[in-house]
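**Q** Got a structure for you, written out below as structure tokens; questions coming shortly.
Below you can see the structure in the form of structure tokens.
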């Protein structure tokens, strides 16, 4: 019996999102704070001879010529003409805002200062140091750095491995697999403090228990968290006793050890390192005038202006004109010149795009949090999430996230990380939107003022908040209490 076989060809359309090298460069520059941008620009100036520092020579020459032609018979500049050059869109000097006068009067050496600012040492540097000590390939270290940068403030990895694989491909141009990323993550989970890099509370606690010396008590702790984690977090003691077949004494002994574990290893790392006085260079300068006018500018500090090298562009033009009768060496020279000029122009465009994106993002934050910038009162901060800023700035949420993750703004009321302005909202049954930041502040006040011999339970705290106009559920109180590092009532005695 003959068996017929045939090949069938089918076509399928599939959308694959890829970023060009220029887009990848723009994303990388966007993530850099001001100081690191300076270093990146200096490195590019050294690496690419087609890139020069300063304004275009034609602009400088034209400006000098205009100025030198406006002189009186003694060779001195005409007062009125000189004023016109400086005034720009203003008719008289009295019309120029004070902040512009102070900016123009600043000497060339008078750069914005690095301002001492007390900031927690992030666990990123500490984990990066531990990563550098591992026997990993350069590719694996790249993956490790991205994983560390993806940890939240608690030191946990909330994103899925699959989504991180996609992010690495799209935003970093790095190809990997879920299996490879899992292997690198397992290395990070061996770092100190124990529990770092866990993907959920259960894994975090298991990692910490796993580092203890072997004993029957350790095994019991592993059983409770590994097999009865939900019951443990809900304090369903009877279910645990029944499921594991243990006595109440054994249970209490294990719980005594389990309550010593840290569900937020990232925050504990910050507390262990302590506070350091670091030189924080703000990326934005926001000035608020007495009349409530708010002025925003970028702190470009020592970031030089960039232009194409005239020498390189002239050589490129000359080789292009003589393209018809070129030798192989001339064609190679043309290719080299073109690559360098294109790279220089791409870098200049990426820097400009970064500046525009930063300004759009910060302006959106100012617009959404205007009462705070006018008064400096933290209680005036409204609930605001990345999506709010993205929609107002006309940007992607991931772009806003990159801008806000490592940038600082100097205001009349101090220097703040951009993350300071973001907080979730809580909507009451009546539709009123409350700031989670404000609720947490009131919650902390309640705990600070409680009788430590009879501390409030979460139910009692929920009742107190309700009396103060914040009707939130007990489980929400427990969540906010944990985020504030406030232990349960029995541990506050």
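Residue numbers (our numbering): 48 to 540.
Backbone N, C-alpha and C fix where the C-beta goes; we use that ideal spot for every residue, glycine too.
These numbers were taken from a predicted model, which means no experiment stands behind them.
1. Using the Cα positions of residue 94 and residue 333, report the straight-line distance between them to the nearest angstrom.
2. Do you know how far the Cα of residue 510 is from the Cα of residue 460?
3. Are the beta-carbon atoms of residue 538 and residue 524 separated by less than 7 angstroms?
4. Would you mind reading off the limits of the beta strand (DSSP E) that contains residue 333?
5. Can we say the region 386-397 touches the region 76-95, given the rule of at least three CB pairs closer than 8 angstroms?
6. Mind checking residue 374: buried by the 16 CB within 10 Å criterion, or exposed?
7. Our contact map puts residue 1 next to residue 421 with C-beta atoms below 8 angstroms; I'd like the distance itself, whole angstroms only.
8. How is residue 183 classed by DSSP in three states: helix, strand or coil?
9. Hey, quick one: how far does the beta strand (DSSP E) through residue 354 stretch, first residue to last?
10. Measuring alpha carbon to alpha carbon, tell me which residue in 310, 328 and 518 is nearest residue 346.
11. Is residue 307 close to chain B, meaning its C-beta is less than 7 angstroms from at least one C-beta of that chain?
12. Based on the DSSP secondary-structure assignment, which residues constitute the bridge partners of residue 456?
13. Under 8 angstroms Cβ to Cβ from residue 194, same chain only, skipping five residues before and after it: list those, please.
14. Using only the alpha-carbon positions, how far apart do residue 200 and residue 425 sit?
15. Counting beta carbon pairs with one atom in the region 76-91 and one in the region 450-458, are three or more of them shorter than 8 angstroms?
16. Return the residue from the list 293, 86, 255 and 363 that minimises the CA-CA distance to residue 304.
17. Quick one: what does DSSP say residue 374 is sitting in, helix, strand or coil?
18. Three-state secondary structure (DSSP) at residue 470?
19. What do you get for residue 490, buried or exposed, if any count of 16 or more other CB atoms within 10 angstroms of its CB means buried?
20. Please report the distance separating the alpha-carbon of residue 384 from that of residue 83.
21. What does residue 235 pair with, by DSSP beta-bridge criteria?
22. So, using beta-carbon positions, are residue 354 and residue 182 closer together than 7 angstroms?
23. Is the Cβ-Cβ distance between residue 468 and residue 413 less than 7 angstroms?
24. In whole angstroms, give me the CA-to-CA distance for residue 102 and residue 368.
25. For residue 257 and residue 291, I'd like the C-alpha separation in whole angstroms.
26. Note down the Cα distance separating residue 504 from residue 494, rounded to an integer number of angstroms.
27. Is it buried or exposed, residue 349, if we count other Cβ atoms within 10 angstroms and call 16 or more buried?
28. Answer with buried or exposed for residue 241, where buried requires no fewer than 16 other C-beta atoms within 10 angstroms of its C-beta.
29. Could you say which of 501, 405, 185 and 512 lies nearest to residue 492 if we only look at CA atoms?
30. Between the alpha carbons of residue 238 and residue 358, how many angstroms are there, rounded?
31. What residues in its chain sit with their C-beta under 7 angstroms from that of residue 148, if we drop five residues either side in the sequence?
32. Terminal residues of the continuous beta strand (DSSP E) containing residue 342?
**A** Looking at the coordinates:
1. Mapped onto the chain shown, residue 94 falls at position 47. Mapped onto the chain shown, residue 333 falls at position 286. If you take the alpha carbons of residue 94 and residue 333, they lie about 34 angstroms apart.
2. Translated into positions along the chain shown, residue 460 becomes position 413. Translated into positions along the chain shown, residue 510 becomes position 463. The C-alpha of residue 510 is placed about 35 angstroms away from the C-alpha of residue 460.
3. In the chain shown, the residue the question calls residue 538 occupies position 491. In the chain shown, the residue the question calls residue 524 occupies position 477. The answer is no: Cβ separation not under 7 angstroms.
4. The count along the chain shown starts at 1 and reaches residue 333 at position 286. It spans 331-335 - the beta strand (DSSP E) in which residue 333 sits, taken as one unbroken run.
5. As far as the Cβ criterion goes, the region 386-397 touches the region 76-95, which means the pair count is three or higher.
6. Against the chain shown, residue 374 aligns to sequence position 327. Classified as exposed, residue 374 has fewer than 16 neighbouring CB atoms from the shown chains inside 10 Å of its CB.
7. Missing from the structure shown is residue 1; the chain here goes from 48 to 540 and no further.
8. Here residue 183 refers to the residue found at position 136 when the chain shown is read from its first residue. Reduced to three states, the DSSP call for residue 183 is coil.
9. As a working mapping, residue 354 is identified with position 307 in the chain shown. For residue 354, the uninterrupted beta strand (DSSP E) segment begins and ends at 353-355.
10. Numbered from 1 along the chain shown, position 299 holds the residue referred to as residue 346. The shortest C-alpha separation from residue 346 is found at 328.
11. Reference to chain B is not applicable here, since this structure consists of a single protein chain.
12. Here residue 456 is taken as the residue at index 409 of the chain shown, counted from 1. Partner(s): 331 and 463.
13. As a first step, residue 194 must be located in the chain shown, where it is residue number 147. Taking residue 194 as the centre and dropping the five residues before and after it, the same chain places the C-beta of 204, 211, 228, 231, 232, 235 and 244 closer than 8 angstroms to its C-beta, in chain order.
14. Within the chain shown, residue 200 is the residue found at index 153, counting from 1. Within the chain shown, residue 425 is the residue found at index 378, counting from 1. Taking the Cα positions, residue 200 is about 21 angstroms away from residue 425.
15. Yes, since at least three Cβ pairs between the region 450-458 and the region 76-91 fall closer than 8 angstroms, the two stretches touch.
16. Your numbering for residue 304 matches position 257 in the chain shown. Nearest to residue 304 by alpha-carbon distance, out of 293, 86, 255 and 363, is 255.
17. Looking up residue 374 in the chain shown gives position 327. Reduced to three states, the DSSP call for residue 374 is coil.
18. Locating residue 470 in the chain shown gives position 423, where the first residue counts as 1. Annotated three-state conformation of residue 470 is strand, per DSSP.
19. Stepping through the chain shown from its first residue, residue 490 is reached at position 443. Residue environment: residue 490 is assigned as buried (16 or more neighbouring CB atoms within 10 Å of its CB, all protein chains considered).
20. Within the chain shown, numbered from 1, the residue matching residue 384 stands at position 337. Within the chain shown, numbered from 1, the residue matching residue 83 stands at position 36. Approximately 28 angstroms between the Cα atoms of the pair.
21. As a position in the chain shown, residue 235 is number 188, starting the count at 1. Answer by DSSP bridge pairing: none, since residue 235 is not bridged.
22. Along the chain shown, read from residue 1 onward, the residue named residue 354 stands at position 307. Along the chain shown, read from residue 1 onward, the residue named residue 182 stands at position 135. No, these two residues do not count as a Cβ contact at 7 angstroms.
23. As a first step, residue 468 is located in the chain shown; it is residue number 421 there, counting from the start. As a first step, residue 413 is located in the chain shown; it is residue number 366 there, counting from the start. Against a cut-off of 7 angstroms, the Cβ pair of residue 413 and residue 468 comes out as no contact.
24. Position 55 of the chain shown, counted from the first residue, corresponds to residue 102. Position 321 of the chain shown, counted from the first residue, corresponds to residue 368. Each residue's alpha carbon lies about 27 angstroms from the other.
25. Walking along the chain shown from the start, residue 257 turns up at place 210. Walking along the chain shown from the start, residue 291 turns up at place 244. C-alpha separation (whole angstroms): 19 angstroms.
26. Against the chain shown, residue 504 aligns to sequence position 457. Against the chain shown, residue 494 aligns to sequence position 447. Taking the straight line from one Cα to the other gives about 10 angstroms.
27. In the chain shown, counting from the first residue as 1, residue 349 sits at position 302. Result: exposed.
28. Here residue 241 is taken as the residue at index 194 of the chain shown, counted from 1. Label assigned to residue 241: buried.
29. On the chain shown, residue 492 is found 445 positions in, with the first residue counted as 1. Relative to the Cα of residue 492, the nearest Cα in the group 501, 405, 185 and 512 belongs to 512.
30. Stepping through the chain shown from its first residue, residue 238 is reached at position 191. Stepping through the chain shown from its first residue, residue 358 is reached at position 311. Rounded to the nearest whole angstrom, the C-alpha separation of residue 238 and residue 358 is 52 angstroms.
31. Within the chain shown, numbered from 1, the residue matching residue 148 stands at position 101. Confidence is the limiting factor: at residue 148 the pLDDT is only 40, short of 50, which leaves the residue's position unreliable, though a coordinate-based value still follows. There are no such residues.
32. To locate residue 342, count along the chain shown from 1; it is residue 295. If you look at residue 342, you'll find it in the beta strand (DSSP E) that goes 341-345.
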